[in-house]
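The sequence shown finishes on residue 1563 if you use my numbering, and the numbering steps up by one all the way, no holes.
See structure below.
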Amino acid sequence: TSTISPTPTSTATVQDSVARKYAEDKLKEIEKATVKAITNKPNPKNEPGRWPPHVDHPAPRKKSVGSLSEADLKGKRVLVRCDLNVPLSKEGVITDDTRIRGSIPTIEYLVNKG
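Structure (structure tokens):
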């Protein structure tokens, strides 16, 4: 009977086979990631860190004072922001009160409806 002795392998051959196996594994990972990216495109609505964040329901439209009904105002407090920067003389007297007079109808409307 003859015995078959294993063929001696060189270090270079072992290194080549390890490198080949590593490269094949990496190519499989890349292929798998590519297929996943193509088939499972993330929904931009659910992406973490998306700005502006997605909201499924629209924000209520901003109302003008004239569109507020008595039912909208009854028993509620209203905050009104008025730009009342008016020009003053050197003596501190208001020289043009247009902005003040212009805000009066809005305030009266809100008081009468609420």
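For every residue, glycine included, the Cβ atom is placed at its ideal position computed from N, Cα and C.
So, helix, strand or coil for L1537, using DSSP?
Indexing the sequence shown from 1 puts residue 1537 at position 88. Of the three classes helix, strand and coil, the one that applies to L1537 here is strand, per DSSP.
Top-ranked residue by Cα proximity to S1518, from E1473, Y1558, V1467 and K1470:
Your numbering for residue 1518 matches position 69 in the sequence shown. Nearest option by C-alpha distance: Y1558.
Find the nearest neighbour of L1522 within the set G1563, R1469 and Q1464, judged by alpha-carbon distance.
For the purposes of this step, residue 1522 is identified with residue 73 of the sequence shown, where counting begins at 1. It is G1563 whose Cα lies nearest to the Cα of L1522.
Proximity of T1547 and P1536 at Cβ, strictly below 7 Å:
For this step, residue 1547 is matched to residue 98 along the sequence shown. For this step, residue 1536 is matched to residue 87 along the sequence shown. No, these two residues do not count as a Cβ contact at 7 Å.
Using the Cα positions of V1529 and V1560, report the straight-line distance between them to the nearest angstrom.
Residue 1529 sits at position 80 when you count from the first residue of the sequence shown. Residue 1560 sits at position 111 when you count from the first residue of the sequence shown. Straight-line Cα distance between these residues: approximately 11 Å.
Can you grab the Cα-Cα spacing for the pair I1553 / E1540, in whole Å?
Here the question's residue 1553 lines up with position 104 in the sequence shown. Here the question's residue 1540 lines up with position 91 in the sequence shown. So the alpha carbons of these two residues sit roughly 25 Å apart.
Cα-Cα, which of E1473, T1555 and E1478 is closest to S1516?
Taking the first residue of the sequence shown as 1, we reach residue 1516 at position 67. If you compare the alpha carbons of E1473, T1555 and E1478 with that of S1516, the shortest gap goes to T1555.
List the residues that DSSP assigns as beta-bridge partners of I1543.
Stepping through the sequence shown from its first residue, residue 1543 is reached at position 94. Looking at the DSSP assignment, I1543 forms a beta bridge with L1537.
Which one of L1533, V1514, S1538 and N1534 has the shortest CA to CA distance from V1527?
On the sequence shown, residue 1527 is found 78 positions in, with the first residue counted as 1. Closest option to V1527, Cα to Cα, is V1514.
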